[in-house]
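J.: Protein chains in written order, with numbering that gives the first Met the number 0: chain A, 0 to 233; chain B, 0 to 233; chain C, 0 to 217; chain D, 0 to 217.
Ideal Cβ placement from N, Cα and C applies to all residues, glycine included.
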Amino acid sequence: MSGFNKVVNSYEEALEGFKDDMTVMVGGFGLCGIPEGLIEQVHQLGAKGLTAISNNAGVDGFGLGKWLDKRQISTMIGSYVGENELFEKLLLSGEMEVILTPQGTLAEKIRAGGAGIPAFFTATGFGTQVAEGKETRNIDGRDYVLEPSLTADFALVKAWKADTMGNLIFNKTAMNFNPMMATAGKITVAEVEEIVEPGELDPNFIHTPGIYVQRVIKGDKFEKRIEQRTVKQS
Amino acid sequence: MSGFNKVVNSYEEALEGFKDDMTVMVGGFGLCGIPEGLIEQVHQLGAKGLTAISNNAGVDGFGLGKWLDKRQISTMIGSYVGENELFEKLLLSGEMEVILTPQGTLAEKIRAGGAGIPAFFTATGFGTQVAEGKETRNIDGRDYVLEPSLTADFALVKAWKADTMGNLIFNKTAMNFNPMMATAGKITVAEVEEIVEPGELDPNFIHTPGIYVQRVIKGDKFEKRIEQRTVKQS
Amino acid sequence: MALSREQIAMRVAQELEDGFYVNLGIGIPTLVANYVPKGVEVMMQSENGLLGMGEFPTEETIDPDLINAGKQTVTAATGAAFFSSAESFAMIRGGHVDLTVLGAFEVDQEGNIASWMIPGKLVKGMGGAMDLVAGAENIIVTMTHANKHGKSKILKKCTLPLTGAQCIKRVITELALMEIKDGAFHLVERAPGVSVEEIQEKTEADLVIPDNVPEMNV
Amino acid sequence: MALSREQIAMRVAQELEDGFYVNLGIGIPTLVANYVPKGVEVMMQSENGLLGMGEFPTEETIDPDLINAGKQTVTAATGAAFFSSAESFAMIRGGHVDLTVLGAFEVDQEGNIASWMIPGKLVKGMGGAMDLVAGAENIIVTMTHANKHGKSKILKKCTLPLTGAQCIKRVITELALMEIKDGAFHLVERAPGVSVEEIQEKTEADLVIPDNVPEMNV
């Protein structure tokens, strides 16, 4: 078998080597573009003490909410708690460490991690709690905060289509954090809706080149739950 | 006319406001993916004292080589002199200031400029001339150099297709520096091979969203000179 | 009379210019999209990765892969583009968005804004708000002038954890449009029928009042 | 006998593993692509924005928009991807490329490399070389052991401006394969028929020679 065939055939194989106390990135914005099957598998595995990096933490009982149910996360790095009551409770009680990070800074920290940039300056968060304990600097008259990058042992991402070599494309706003996270995982696992042969994706329009992806699994089902179902009055 | 129609009909209009002593980014890698008509127009205008940011400086008499002919560039920021004799001569004689910058650092400095990141750390160039006079820092056991970002008064880029709103797609390796430069110009002008109506480019596969692009011009001809014509022996 | 939420949105909408790329926050800012002036076209940026947000879908066209930053199902406008969160915030942080409209709990006369957290009570996270206030040159804050107990939210100094420091220049409330400069709020317009005295009374911050304060045209 | 350029490339090619993403520099490194072992598939990264570089085109398929980092016209392999220079160097700087092969003027026993400039004589610019040596964990330098006047280029300390500091661990010349560790070159293999004494003589650097130095299999 070619060394470039990244396809695995079970969730067990997709998460081989996943252990307690690891750092794991999980793609998605709210419930849009989350790797549902991989999240479920981590839930099944029951791994504990995780540092989870994800913009949100799902909703009660779905998405990363499942990991919260089992208290699998010891540290959560994200930007938005939202309407997740258990998350808010664990945060306020101090039962789970939560590092709230501005959304754009979070995205850039992950991109930087994948791109070998250990730290960068951003104006975001200067003068706020986010800057506490961090180096700040005035550059050309503006104040900035130095933000270190983020990487992870595993990055779990959701893509629309993959070829067997791990080239990925995403669909609409289900892209969100997935492409950056794909670059920042030591092991990046992509859960996808469709796997095609190499050459079927246009090389001019690959969102994530296969070099970043170690494993590809075809999801067995995607619930794609909608958080705010808004429709036009006709 | 809609405020989103970025199409201009002449090179004069495309470069309106272009003046002496400005900083200008020019896309392309070697002669691949360069905005030929815009380069020619700057040559015609005869603007002097330019700070030019471009990976290369064309070849003798073509591409940015034309600006060298007229001594239009006072400072050149690029990564590779290559086979451009006049460039090498102006560099060695000190007639033109040349800031040689590692290619990846150059690309990242431009991306950072467009993304509002004023500076970032990179291991590239540590312990070399490139790091001279720059802050260095050991982070988690590795040494890094602090690199400030780059922006420009004008960014001149070459794309394959644009819609009238300035959404761009690039073709193959003619992409190179063009997408980052498009984000880093106060005025970004895209010279393209084809202009289509909004909605004709798939929103899932836009390389450069129109928000970065102020003007679009359909190039009247592209010579697309090849530097190293290599073919397979059959 | 104090402006309704819709009227606040209408007044903000008057600031839209043809060709503007605009980011609208949740709440009143979202309503601004309903009052885009005739002859003006704007493109809405949604920080989860969409430039060119369209109207809500129908039951038939609803797509769970296409939402806005408020997690509502939306459509893409003609000429839209999708991109990653890193690209989206490159746009925002890099100052490419022409106008940002967002809500707040408090704003003070130094231009500080608090909008994301009430210690011990409400922790929603800052989401993209800190990036938006740090990245935009042109920000309009929409908020109520005072809380339901009548306590002013237009302050000398914010009491809640900040979202951004010294970044706010314009605020529109149900009572007034104010600009922040030189360490004070400057009254620019008042809601129709609202007196300068009422505004003064509900403003804890230093308020500079010019001789003539025109009524808003809403 | 000293290795030919092709033989150096053949020896380097033995380091390729199935599934490797590889960046090959200009010169001898380019030749490595011709000797990929049977049963091994590799993808070539070209730093101008191509992962999956294919063979040269025919006169019919030549495309000025499709070149490699050496500015040669190429084709794209099945499963290739095109991307920007920023993305390309994110791959390189981020350590995602499995093997980088590049040439040098000088290498020293601290792992420093000089490959981009000869003051007063040759200024080509560093191109992507500084990023490649800083980004890759696994680098092989191919070079001649000495210059045409017999002066060693395997040095105690580089004399030319550096491309990277303390980043080189393996060097293959026409005479030997050496590893750099603990501040010295370690002789690992010698070219067939080349004596340890000849290598020692042409090496200015400290050279650690084990009891048994096998011949390369090329």
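1. Do you know whose CA, among D:Met90, D:Gln165, D:Val96, lies nearest Ala113 of chain D's CA?
2. Taking all protein chains shown into account, decide if His144 of chain C is buried (16 or more other Cβ within 10 angstroms of its Cβ) or exposed.
3. Label Arg169 of chain D either buried or exposed according to how many other C-beta atoms from any shown protein chain fall within 10 Å of its C-beta, with 16 as the threshold for buried.
4. Can you list the residues of chain C that Val80 of chain A reaches, using a CB-CB cut of under 7 Å?
5. What does the alpha-carbon distance come out to for the pair Asn54 of chain B and Lys108 of chain B?
6. Note down, in chain order, every chain B residue with its Cβ under 9 Å from the Cβ of Phe92 of chain C.
7. So, helix, strand or coil for Tyr79 of chain B, using DSSP?
8. Within the same chain, show all residues whose beta-carbon is closer than 7 Å to that of Glu35 of chain B, passing over the 5 residues directly before and after it, in chain order.
9. Quick one: what's got a C-beta closer than 6 Å to Met9 of chain C's C-beta in the same chain, skipping five residues either side?
10. Go to Ala12 of chain C, then tell me how far its alpha helix (DSSP H) extends in each direction, as first and last residue.
11. State the start and end residues of the unbroken alpha helix (DSSP H) segment that holds His42 of chain A.
12. Counting only beta-carbon atoms, is Thr22 of chain A nearer than 9 Å to chain D?
13. Exposed or buried, Leu176 of chain D, counting other C-beta atoms within 10 Å across all chains shown (16 or more means buried)?
14. Taking 9 Å as the threshold (beta carbon to beta carbon), is Ile138 of chain A in contact with chain D?
15. Can you tell me the Cα-Cα spacing of Glu54 of chain C and Ala75 of chain C, whole angstroms?
16. Let's see if you can read the secondary structure: which residues bound the alpha helix (DSSP H) around Ala106 of chain A?
17. Could you list the residues in the stretch 149-180 of chain A with a C-beta less than 7 Å from some C-beta on chain D, going in chain order?
18. Consider the Cβ of Thr121 of chain B: report whether some Cβ of chain A lies at a distance smaller than 9 Å.
19. Which complete beta strand (DSSP E) runs does the stretch 133-166 of chain A hold, if anything under 3 residues is left out?
20. Assuming Arg214 of chain A is part of the beta strand (DSSP E), what are its boundary residues?
21. Within the same chain, show all residues whose beta-carbon is closer than 8 Å to that of Met0 of chain A, passing over the 5 residues directly before and after it, in chain order.
22. Counting contacts by CB-CB distance shorter than 9 Å, is Phe61 of chain B in contact with chain D?
23. So with Cβ pairs under 9 Å, would you call Gly103 of chain B a contact of chain C?
24. Per DSSP, what kind of secondary structure is Gly134 of chain D in: helix, strand or coil?
25. Taking only three categories from DSSP, how would you classify Leu259 of chain A?
26. Name, please, each residue of chain D whose Cβ falls closer than 8 Å to the Cβ of Val129 of chain B.
27. Ala12 of chain C touches chain B at which residues, Cβ-Cβ below 8 Å?
28. Given that a residue counts as buried once 16 or more other Cβ atoms are within 10 Å of its Cβ, and exposed if not, what is His148 of chain C?
29. To be precise: take each residue of the stretch 65-78 of chain A, compare its Cβ to all Cβ atoms of chain C, and keep it if any distance is under 8 Å. Which residues remain?
30. Output yes if chain A places a C-beta closer than 9 Å to the C-beta of Asp201 of chain B; else output no.
31. For Met0 of chain A and chain B, any beta-carbon pair shorter than 9 Å?
32. Reducing DSSP to helix, strand and coil, say where Thr29 of chain D ends up.
33. Which of the three DSSP states is assigned to Gly209 of chain A in this structure?
34. Would Pro34 of chain A count as contacting chain D if we go by Cβ distances under 9 Å?
35. For the alpha helix (DSSP H) holding Thr182 of chain B, just list the boundary residues, first then last.
36. Under a Cβ-count criterion, where at least 16 other Cβ atoms within 10 Å of its own Cβ denotes burial, should Ile198 of chain D be classed as buried or exposed?
T.: Looking at the atomic coordinates:
1. Stepping through the fourth sequence from its first residue, residue 113 of chain D is reached at position 114. Checking every option, the nearest Cα to that of Ala113 of chain D belongs to D:Gln165.
2. Translated into the one-based positions of the third sequence, residue 144 of chain C becomes position 145. Looking at its Cβ environment, which holds 16 or more other Cβ atoms inside 10 Å, His144 of chain C is buried.
3. What you label residue 169 of chain D is simply residue 170 of the fourth sequence in a count that begins at 1. That one is buried.
4. For this step, residue 80 of chain A is matched to residue 81 along the first sequence. Under the 7 Å cutoff, chain C gives Val122, Lys123, Gly124.
5. Numbered from 1 along the second sequence, position 55 holds the residue referred to as residue 54 of chain B. Numbered from 1 along the second sequence, position 109 holds the residue referred to as residue 108 of chain B. Their Cα atoms are separated by approximately 12 Å.
6. The count along the third sequence starts at 1 and reaches residue 92 of chain C at position 93. The identity of residue 92 of chain C in the sequence shown is Arg, whereas the question assumes Phe. Result: Ala114, Gly115, Ile116.
7. Against the second sequence, residue 79 of chain B aligns to sequence position 80. If DSSP states are grouped into helix, strand and coil, Tyr79 of chain B belongs with coil.
8. What you label residue 35 of chain B is simply residue 36 of the second sequence in a count that begins at 1. Counting only Cβ-Cβ distances below 7 Å, and skipping sequence neighbours, we find Gly218, Phe221, Glu222.
9. For the purposes of this step, residue 9 of chain C is identified with residue 10 of the third sequence, where counting begins at 1. Hits under 6 Å: Tyr34, Val217.
10. Mapped onto the third sequence, residue 12 of chain C falls at position 13. That run of the alpha helix (DSSP H) goes 4-12.
11. Here residue 42 of chain A is taken as the residue at index 43 of the first sequence, counted from 1. Element bounds for His42 of chain A: 35-44.
12. Position 23 of the first sequence holds residue 22 of chain A. No, Thr22 of chain A does not count as interfacial toward chain D.
13. Mapped onto the fourth sequence, residue 176 of chain D falls at position 177. With 16 or more other Cβ atoms within 10 Å, it is buried.
14. The count along the first sequence starts at 1 and reaches residue 138 of chain A at position 139. Taking Cβ atoms only, chain D never reaches closer than 9 Å to Ile138 of chain A, which makes this a no.
15. Here residue 54 of chain C is taken as the residue at index 55 of the third sequence, counted from 1. Here residue 75 of chain C is taken as the residue at index 76 of the third sequence, counted from 1. Cα-Cα distance, rounded: 8 Å.
16. Taking the first residue of the first sequence as position 1, residue 106 of chain A is located at position 107. 102-113 is the span of the alpha helix (DSSP H), which, as asked, contains Ala106 of chain A.
17. Asp162, Met164, Asn166
18. The residue you call residue 121 of chain B lines up with position 122 of the second sequence. Yes, because at least one Cβ of chain A sits closer than 9 Å to the Cβ of Thr121 of chain B.
19. 135-138, 141-147, 151-162
20. In the first sequence, residue 214 of chain A corresponds to position 215, counting from 1. Counting along the chain, the beta strand (DSSP E) containing Arg214 of chain A begins and ends at 214-217.
21. Here the question's residue 0 of chain A lines up with position 1 in the first sequence. Confidence is the limiting factor: at Met0 of chain A the pLDDT is only 45, short of 50, which leaves the residue's position unreliable, though a coordinate-based value still follows. Cβ neighbours of Met0 of chain A beyond the five flanking positions: none.
22. If you number the second sequence from 1, residue 61 of chain B lands on position 62. Taking Cβ atoms only, chain D never reaches closer than 9 Å to Phe61 of chain B, which makes this a no.
23. The sequence position of residue 103 of chain B within the second sequence is 104, counting from 1. Chain C, which has no Cβ nearer than 9 Å to the Cβ of Gly103 of chain B, makes this no.
24. As a working note, residue 134 of chain D is residue 135 in the fourth sequence. Of the three classes helix, strand and coil, the one that applies to Gly134 of chain D here is helix, per DSSP.
25. Outside the displayed span of chain A (0 to 233) sits residue 259 of chain A, for which this structure offers no information.
26. On the second sequence, residue 129 of chain B is found 130 positions in, with the first residue counted as 1. The contacting residues are Met125, Met129.
27. The count along the third sequence starts at 1 and reaches residue 12 of chain C at position 13. By Cβ distance, chain B contributes nothing, its closest Cβ being about 15 Å from Ala12 of chain C, past 8 Å.
28. Against the third sequence, residue 148 of chain C aligns to sequence position 149. By the 10 Å Cβ count, His148 of chain C comes out exposed.
29. Under the 8 Å Cβ criterion, the stretch 65-78 of chain A contributes Gly77, Ser78.
30. As a working mapping, residue 201 of chain B is identified with position 202 in the second sequence. Yes, because at least one Cβ of chain A sits closer than 9 Å to the Cβ of Asp201 of chain B.
31. Position 1 of the first sequence, counting from 1, holds the residue named residue 0 of chain A. Reliability fails at Met0 of chain A, whose pLDDT of 45 lies under 50, so the model's placement of it is uncertain and the value that follows must be treated cautiously. No, Met0 of chain A lies away from the interface with chain B (no Cβ there is under 9 Å from its Cβ).
32. On the fourth sequence, position 30 is the one that residue 29 of chain D refers to. In the three-state scheme derived from DSSP, where H, G and I count as helix and E and B as strand, Thr29 of chain D is classed as helix.
33. Counting from one through the first sequence, the residue named residue 209 of chain A turns up at place 210. Helix.
34. As a position in the first sequence, residue 34 of chain A is number 35, starting the count at 1. Taking Cβ atoms only, chain D never reaches closer than 9 Å to Pro34 of chain A, which makes this a no.
35. The residue you call residue 182 of chain B lines up with position 183 of the second sequence. Unbroken alpha helix (DSSP H) run through Thr182 of chain B: 177-183.
36. Taking the first residue of the fourth sequence as 1, we reach residue 198 of chain D at position 199. Taking every protein chain shown into account, the CB of Ile198 of chain D has 16 or more other CB atoms within 10 angstroms, so this residue is buried.
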